[in-house]
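Working notes for the structure below.
Residue numbers (this note's numbering): 176 to 434.
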C-alpha cells in the first residue's frame with residue numbers, strides 16, 4: 176500500500192517570521208487533522224533555501240519532513256548561487272524537487288541536466304520528486320502522453336533507485352491558474368505514467384512508486400483527486416502557504432479510498 180505524500184512547495188514566498196507562524200499552525204493542526212481509520216499520510220514542506228535551517232528546527236520532533244525546491248547536479252564547486260544535494264541533506268532535507276515546470280520554463284532546464292540532478296539527489300541518499308507534465312497547447316494537440324513519456328524516458332533509468340523516486344504529474348496549464356485537471360483526467364495520466372514506470376523498473380517496483388498530482392490543488396478538489404487509485408498525494412503550491420488549507424488537503428488525503 177502506497178502512503179500518500181503531500182508536499183508543500185512554498186516557491187519564493189515567506190519571510191522567516193511568516194514561515195515560523197505557518198509551520199506552527201501546521202504542527203498544531205496535525206494533532207486533530209487525521210481521524211481514526213484513515214490512511215497514513217507523509218507530510219513534506221519545501222521552503223526557500225534561506226529558511227531550510229530554521230524550518231528544520233521548527234519541524235523537529237514532528238512528523239513533518241523537509242525538502243529542497245531545486246538542486247545543482249554537482250556535489251560542490253565554483254557555482255555561485257547554487258546549492259548541492261549534500262548541502263540540502265546537511266540542512267535537514269529528505270526530499271528534493273527536480274524538473275518543476277517553472278524551472279524548465281524560466282531557467283531553461285533541459286532533460287540532460289535534469290537527469291544529472293536526479294542522480295545527484297539519489298546519490299546523496301535523498302528522495303527525488305521528479306516533475307513531468309504538458310502545456311495546454313500540447314494537451315489540446317493530443318500529445319500529453321507523448322510529452323510525459325519523453326520526460327520520463329530521457330531522465331529516468333535503472334540507475335535511479337525506485338525506492339528513492341517520486342513522480343509529480345503537474346499539467347503546466349493547471350499550475351497557478353486555478354484550473355485543475357478533472358480527477359478522471361488526472362487518473363488517466365497517472366495510470367499511463369505507472370505503465371511507463373513498469374517498462375523502466377518492472378511491474379512490481381512501479382506499483383510501489385508514488386505519483387503525486389500537482390496543479391492548483393486546493394481543499395475543494397483534494398479529496399476527489401486523492402481518491403483516484405493511481406494518485407498518491409499532491410504537490411501543493413499556493414494552498415500550502417495557508418495552514419488551514421494545507422491541513423484540509425492533508426485530511427482529504429488521509430480519507431480511506433473506496434474499495
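For glycine and all other residues, C-beta sits at the position ideal for the given N, C-alpha and C.
Everything numeric in this text was worked out from a predicted model, so none of it was measured.
Check, Outcome
"Residue 436, buried or exposed, once every other Cβ within 10 Å from all chains shown has been counted against 16", "The shown model of the chain, from 176 to 434, leaves out residue 436, and the question about it has no answer."
"Candidates 299, 311, 321 and 343: closest to residue 336 by CA position", "299"
"Anticipated Cβ contact below 8 Å, residue 181 with residue 411, distance rounded", "6 Å"
"Beta strand (DSSP E) segments (min. 3 residues) lying fully within the segment 327–394", "340–344 and 385–388"
"Assumed close pair residue 414, residue 392 - CB separation to whole angstroms, cut-off 8 Å", "6 Å"
"C-alpha distance - residue 314 paired with residue 352, whole-angstrom precision", "16 Å"
"Cβ shell of residue 243 (< 6 Å), same chain only, five flanking positions each side left out", "263, 268 and 271"
"Continuous alpha helix (DSSP H) stretch holding residue 419: start and end", "418–429"
"Within the segment 201–262, ranges of the beta strand (DSSP E) (whole runs, at least 3 residues)", "217–221 and 239–243"
"Euclidean distance between Cα positions of residue 286 and residue 333", "16 Å"
"Residue 311 in three-state terms, based on DSSP", "helix"
"Cβ pair count under 8 Å reaching 3, the segment 275–285 against the segment 225–233", "no"
"Assumed close pair residue 246, residue 259 - CB separation to whole angstroms, cut-off 8 Å", "7 Å"
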